[in-house]
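Shown next, in structure tokens, is the structure this report addresses.
4 protein chains.
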Amino acid sequence: MANFKGHALPGSFFLIIGLWWSVKYPLKYFHQRGKKNKLDHLQQRLELIEATIKTLFSAIGILAEQFVPDGPHLHLYHENHWVKLMNWQHTTMYLFFGVSGIIDMLTLLIAHIPLGVDRLVLAMAVFIEGFLFYYHVHDRPPLDKHIHSLLLFALFGASISIALEVIFRDNIVLELFRTSILIFQGTWFWQIGFVLFPPFGTPEWDQNDMDNIMFITMCYCWHYLLALCIVALNYSLVYCILTRVRRPGGGEIIGIQKLKPDHTYQTALLSGSDEE
Amino acid sequence: MANFKGHALPGSFFLIIGLWWSVKYPLKYFHQRGKKNKLDHLQQRLELIEATIKTLFSAIGILAEQFVPDGPHLHLYHENHWVKLMNWQHTTMYLFFGVSGIIDMLTLLIAHIPLGVDRLVLAMAVFIEGFLFYYHVHDRPPLDKHIHSLLLFALFGASISIALEVIFRDNIVLELFRTSILIFQGTWFWQIGFVLFPPFGTPEWDQNDMDNIMFITMCYCWHYLLALCIVALNYSLVYCILTRVRRPGGGEIIGIQKLKPDHTYQTALLSGSDEE
Amino acid sequence: MANFKGHALPGSFFLIIGLWWSVKYPLKYFHQRGKKNKLDHLQQRLELIEATIKTLFSAIGILAEQFVPDGPHLHLYHENHWVKLMNWQHTTMYLFFGVSGIIDMLTLLIAHIPLGVDRLVLAMAVFIEGFLFYYHVHDRPPLDKHIHSLLLFALFGASISIALEVIFRDNIVLELFRTSILIFQGTWFWQIGFVLFPPFGTPEWDQNDMDNIMFITMCYCWHYLLALCIVALNYSLVYCILTRVRRPGGGEIIGIQKLKPDHTYQTALLSGSDEE
Amino acid sequence: MANFKGHALPGSFFLIIGLWWSVKYPLKYFHQRGKKNKLDHLQQRLELIEATIKTLFSAIGILAEQFVPDGPHLHLYHENHWVKLMNWQHTTMYLFFGVSGIIDMLTLLIAHIPLGVDRLVLAMAVFIEGFLFYYHVHDRPPLDKHIHSLLLFALFGASISIALEVIFRDNIVLELFRTSILIFQGTWFWQIGFVLFPPFGTPEWDQNDMDNIMFITMCYCWHYLLALCIVALNYSLVYCILTRVRRPGGGEIIGIQKLKPDHTYQTALLSGSDEE
Numbered sequence: 001m002a003n004f005k006g007h008a009l010p011g012s013f014f015l016i017i018g019l020w021w022s023v024k025y026p027l028k029y030f031h032q033r034g035k036k037n038k039l040d041h042l043q044q045r046l047e048l049i050e051a052t053i054k055t056l057f058s059a060i061g062i063l064a065e066q067f068v069p070d071g072p073h074l075h076l077y078h079e080n081h082w083v084k085l086m087n088w089q090h091t092t093m094y095l096f097f098g099v100s101g102i103i104d105m106l107t108l109l110i111a112h113i114p115l116g117v118d119r120l121v122l123a124m125a126v127f128i129e130g131f132l133f134y135y136h137v138h139d140r141p142p143l144d145k146h147i148h149s150l151l152l153f154a155l156f157g158a159s160i161s162i163a164l165e166v167i168f169r170d171n172i173v174l175e176l177f178r179t180s181i182l183i184f185q186g187t188w189f190w191q192i193g194f195v196l197f198p199p200f201g202t203p204e205w206d207q208n209d210m211d212n213i214m215f216i217t218m219c220y221c222w223h224y225l226l227a228l229c230i231v232a233l234n235y236s237l238v239y240c241i242l243t244r245v246r247r248p249g250g251g252e253i254i255g256i257q258k259l260k261p262d263h264t265y266q267t268a269l270l271s272g273s274d275e276e
Numbered sequence: 001m002a003n004f005k006g007h008a009l010p011g012s013f014f015l016i017i018g019l020w021w022s023v024k025y026p027l028k029y030f031h032q033r034g035k036k037n038k039l040d041h042l043q044q045r046l047e048l049i050e051a052t053i054k055t056l057f058s059a060i061g062i063l064a065e066q067f068v069p070d071g072p073h074l075h076l077y078h079e080n081h082w083v084k085l086m087n088w089q090h091t092t093m094y095l096f097f098g099v100s101g102i103i104d105m106l107t108l109l110i111a112h113i114p115l116g117v118d119r120l121v122l123a124m125a126v127f128i129e130g131f132l133f134y135y136h137v138h139d140r141p142p143l144d145k146h147i148h149s150l151l152l153f154a155l156f157g158a159s160i161s162i163a164l165e166v167i168f169r170d171n172i173v174l175e176l177f178r179t180s181i182l183i184f185q186g187t188w189f190w191q192i193g194f195v196l197f198p199p200f201g202t203p204e205w206d207q208n209d210m211d212n213i214m215f216i217t218m219c220y221c222w223h224y225l226l227a228l229c230i231v232a233l234n235y236s237l238v239y240c241i242l243t244r245v246r247r248p249g250g251g252e253i254i255g256i257q258k259l260k261p262d263h264t265y266q267t268a269l270l271s272g273s274d275e276e
Numbered sequence: 001m002a003n004f005k006g007h008a009l010p011g012s013f014f015l016i017i018g019l020w021w022s023v024k025y026p027l028k029y030f031h032q033r034g035k036k037n038k039l040d041h042l043q044q045r046l047e048l049i050e051a052t053i054k055t056l057f058s059a060i061g062i063l064a065e066q067f068v069p070d071g072p073h074l075h076l077y078h079e080n081h082w083v084k085l086m087n088w089q090h091t092t093m094y095l096f097f098g099v100s101g102i103i104d105m106l107t108l109l110i111a112h113i114p115l116g117v118d119r120l121v122l123a124m125a126v127f128i129e130g131f132l133f134y135y136h137v138h139d140r141p142p143l144d145k146h147i148h149s150l151l152l153f154a155l156f157g158a159s160i161s162i163a164l165e166v167i168f169r170d171n172i173v174l175e176l177f178r179t180s181i182l183i184f185q186g187t188w189f190w191q192i193g194f195v196l197f198p199p200f201g202t203p204e205w206d207q208n209d210m211d212n213i214m215f216i217t218m219c220y221c222w223h224y225l226l227a228l229c230i231v232a233l234n235y236s237l238v239y240c241i242l243t244r245v246r247r248p249g250g251g252e253i254i255g256i257q258k259l260k261p262d263h264t265y266q267t268a269l270l271s272g273s274d275e276e
Numbered sequence: 001m002a003n004f005k006g007h008a009l010p011g012s013f014f015l016i017i018g019l020w021w022s023v024k025y026p027l028k029y030f031h032q033r034g035k036k037n038k039l040d041h042l043q044q045r046l047e048l049i050e051a052t053i054k055t056l057f058s059a060i061g062i063l064a065e066q067f068v069p070d071g072p073h074l075h076l077y078h079e080n081h082w083v084k085l086m087n088w089q090h091t092t093m094y095l096f097f098g099v100s101g102i103i104d105m106l107t108l109l110i111a112h113i114p115l116g117v118d119r120l121v122l123a124m125a126v127f128i129e130g131f132l133f134y135y136h137v138h139d140r141p142p143l144d145k146h147i148h149s150l151l152l153f154a155l156f157g158a159s160i161s162i163a164l165e166v167i168f169r170d171n172i173v174l175e176l177f178r179t180s181i182l183i184f185q186g187t188w189f190w191q192i193g194f195v196l197f198p199p200f201g202t203p204e205w206d207q208n209d210m211d212n213i214m215f216i217t218m219c220y221c222w223h224y225l226l227a228l229c230i231v232a233l234n235y236s237l238v239y240c241i242l243t244r245v246r247r248p249g250g251g252e253i254i255g256i257q258k259l260k261p262d263h264t265y266q267t268a269l270l271s272g273s274d275e276e
């Protein structure tokens, strides 16, 4: 949907999942380091709810793209013409996120699916989004083209980072990076909506002004900074709350990590394997 | 061969190998996790048959490209002119896959070839295919150009993924990804054939229509989704059949994998090395 | 600031940090291999001072860009026009390095921040610098465009290399590479200043001369060679001084490393994990 | 030197080193697996000779580029004009390979240089060669441009592969890949010489003919195939000779490697670290 709502909807979806991740991953990280093998049941249930919501969001997105008044209503080809291909492309994007959600669910429910498949499919979903956007933006005014193509940096970056999680699963740094990119993408969709389809009667942006393009490029960086701050804030909040809750029982968390000169992630992994 | 058969032939080759892989890799994966060190002899024989068929397919492809009525019949340069360079380029593509097949055979038969060389040569064969396609598509109508250049995403993606298998050999996720890309490539070759050379008298596609290009871009994503579904289906089938067969003897497979928070692939590898 | 000072300032910042790194990392490397777990307190204090200086430099950069006489003085939008976007873009670049400095400090001071986040944020800061430069250089004379766009190779190379340090933390080779790129970037900023804004009344360069562009391309390589030599020199100096200082107490350093055929970095890491 | 000799000289250098590597690496590989820790002294001496020859070749290249009759004779700037920048660029390429040779020597002679620096500098030398070629080929006839730019695939591929050896040092597959690329580069330089400057009075190639470009693209692939075959042949020869020599003393080599389903390179590395 080439209007404000068509950008606000996916933006909100990405923001909601991103904000949830910015709470979930710190929680998981501290939990793992504090005590082992508890809350697992709760954690698995939360993951399942998350996967369901992800699938649901995709379904809502597909239905919205198809059945808005000027949507294709599931008609693809009609009287020698393709019907509303833009909406169909958006449908395809949502569809891949939906598949990713279903795979997440299956990975949790069925034991015989190899770990990593969920990350691979998510990486593919993000890649497909970038791929479709890449071929999406021809024949548009410069600002429209630019504001959409900036998204490609985030999408291909996220795709590579998520694909790395197939090998380096449960790496907190990669997970936080993914989280920050997702929030970033969410706020950027809102920004696109505000720039291209000003909702409150604010004046239109001149789509050919070079200065606008230059500002938007810089604004893109600020959005990422904002996303970083949100992740950092939620990370700190989770830490503070966890510390408060646990203080009576003893400080399990404080002082765990010391900055040794040879404390590499790799060795952490290796010594982790000895403990098991 | 710039006609329907010239695309259906490699498409079928890729599909056959891809479908076989979508059965082989799950089979290997469950087999490894269930019991150790059995069926090895059978497995090695199957691998050998696969390598032979791969080489055979390449030979058929080369012969077809060279000796079709309008082929070059092994003439490369004739009266100051290069003869049928298109067919020669296709021959080169098949040739590299043939070399990859031969290397696969040698790796199985001769113990002193380092593991990983087979993957590297396969990655090179896929890269060469992409490389030749990249310089292949100039001076053609837009749709023809676009439909071929889309293939590059699959080819370079597959090439990187297969090259990773040099380091992370026998990683089931990378193997399934490779399988899905191969099936995808197979169905896409058929799609190219149907679009550019409609076989059953269906009307020609307008090669300059922007909407056709937009549809094809999206269609490309759907093909990948189809490939993913085929892999998932075959994976499930293999699992079901294996479970049925083994149930009398005890459930070796069910409940092996638990989703621990720190269950990384890396640690799996490491603990695997302890067991040996 | 599109003048000589505007390039000399960041150039000096990069040079100072780069030269300090070219001393720090060899020192850390020899220190780790000689004796274990000493000087840690001093080391941590030095790291903290470095992070503070990094943040300070960024603050100076931001203030300089904003409050030079022809700067924007924190005005972004004024009378329907964006104010001095060039300066704002430079401000954004400094800002990200400032955030990276703050994250470095926090990682040192607070135990619960996962190792690797500091590297990721630094990689992002370098990427953002490259990203903004990429969209920065349109509509300029060829030499100006070329001399700035050459910087992108260093920036994106550094960004990838620093991102690798998230996984392979404390790898001396990656650290030295990062150091060499930083010094390189520092000298290059000075070079840009001298070429585009000759400070001592030297004649202007012809910005459209193809030969000048060809020379600058080659000159860029020489700058990297210079940076390599500086790193090598400082590395040797640190080694010599350390050896002199320690000789009375016995030769801890000499003869530690032997070139075994199977002495891979990976095994070094692994045996390192056993020792802990 | 834009003539036949100017391409034959580096081509020969690359070929000589490449052919030597195609013998050295198999030798090292079999040697390591057969008996441990012998011949080390000889091996180190060979490595030293190789590094010296590499440096020597670079020196010859630099001298040839500078002091051919129409060379710059070390003059860079003369009467407001850059002197023979083409030759200076070639000099720079040789220079970096020379630095790489010196670093190789130092790594062998001095124990305190971290392993991996030699690979990093080699990767940089190859990258710089590619980088200079990339900006080298503007304003030339299409065939000239194309035949040089094809080289970039080999150079950037080799650069990435060599950089990987910083982490995965002594991986035989990466070493053989590097060897094949080097031989490939050597034969391709000869090919460039024959195409652009036919030495034996053969007719000139039409530099604007699309068919010639198409043939050269394919020919490039054949050269790589040739390089692969040379590496495979030398590998087999080394194996046969080693087996003959050792047969009296018992078959140390045969039957070492079995294709186990979970025999990953990673586990090989890990179990290797246990043995030490």
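Protein chains in written order, with full-length UniProt numbering: chain X, 1 to 276; chain G, 1 to 276; chain U, 1 to 276; chain Z, 1 to 276.
Glycine included, C-beta positions come from ideal geometry on N, C-alpha and C.
- For R45 of chain G, the enclosing alpha helix (DSSP H) has its first and last residue at D40 to F67.
- The Cβ atoms of L182 of chain U and W21 of chain U sit closer than 8 Å to each other.
- The beta carbon of H223 of chain Z is closer than 8 Å to those of F184, T187, W188 and Q191 in its chain, skipping five residues each way along the sequence.
- Near chain U, meaning a CB-to-CB distance below 8 Å, no residue of the stretch 225-250 of chain Z qualifies.
- Taking a Cβ-Cβ threshold of 8 Å, the residues of chain G close to T92 of chain X are M218, C221 and W222, in chain order.
- Of all residues in the stretch 105-125 of chain U, only L108, A111, H112, P114, L115, G116, V117 and L120 place a beta-carbon less than 7 Å from a beta-carbon of chain X.
- At a Cβ-Cβ threshold of 8 Å, W88 of chain Z and M218 of chain U count as neighbours.
- Within the same chain, Cβ atoms closer than 8 Å to the Cβ of A163 of chain Z are found at R119, L120 and A123, the five residues on either side in sequence being excluded.
- Here W82 of chain G carries a strand assignment [DSSP, helix/strand/coil].
- For L132 of chain X, the uninterrupted alpha helix (DSSP H) run begins and ends at V117 to Y134, by DSSP.
- The beta carbon of E204 of chain Z lies closer than 8 Å to those of P198 in the same chain, with the five residues before and after it left out.
- Under the 8 Å criterion on CB atoms, I172 of chain X is classed as interfacial with respect to chain U.
- Considering only beta carbons, the part of the stretch 175-203 of chain X lying closer than 8 Å to chain U consists of L176 and F177, in chain order.
- Residue-level contact by beta carbon fails for F14 of chain Z and chain G, as no gap is shorter than 8 Å.
- Positions of the alpha helix (DSSP H) runs, each at least 4 residues long and wholly inside the stretch 154-197 of chain Z, are given as 172-196 in order along the chain.
- With contact defined as three or more Cβ pairs closer than 8 Å, the stretch 104-116 of chain G and the stretch 43-60 of chain G are in contact.
- Contact between G193 of chain G and F4 of chain G holds: CB atoms are separated by about 5 Å, below the 8 Å threshold.
- A direct Cα-to-Cα measurement between V126 of chain G and L151 of chain G gives close to 11 Å.
- Taking a Cβ-Cβ cut-off of 9 Å, the neighbours of Q89 of chain G in chain Z comprise M214, T217, M218 and C221, given in sequence order.
- If the five residues before and after I113 of chain U are omitted, its C-beta is found closer than 7 Å to the C-beta atoms of L106 and T107, all from its own chain and listed in chain order.
- A straight-line Cα-Cα distance of about 56 Å links L15 of chain Z and K24 of chain X.
- Relative to L109 of chain Z, the option among Z:I230, Z:A2 and Z:R45 whose CA is nearest is Z:R45.
- Cβ atoms of C229 of chain G and I128 of chain X stay farther apart than 8 Å, at about 15 Å.
- When the beta-carbon positions are compared, M214 of chain U and L85 of chain Z come within less than 8 Å of each other.
- Not flagged as an interface residue toward chain Z: I160 of chain G, since no C-beta distance is shorter than 8 Å.
- From the beta-carbon of L164 of chain X, no residue of chain G is found nearer than 9 Å; the closest lies around 11 Å away.
- Residue contact with chain U for L152 of chain Z: absent (no Cβ-Cβ distance below 8 Å to any residue of chain U).
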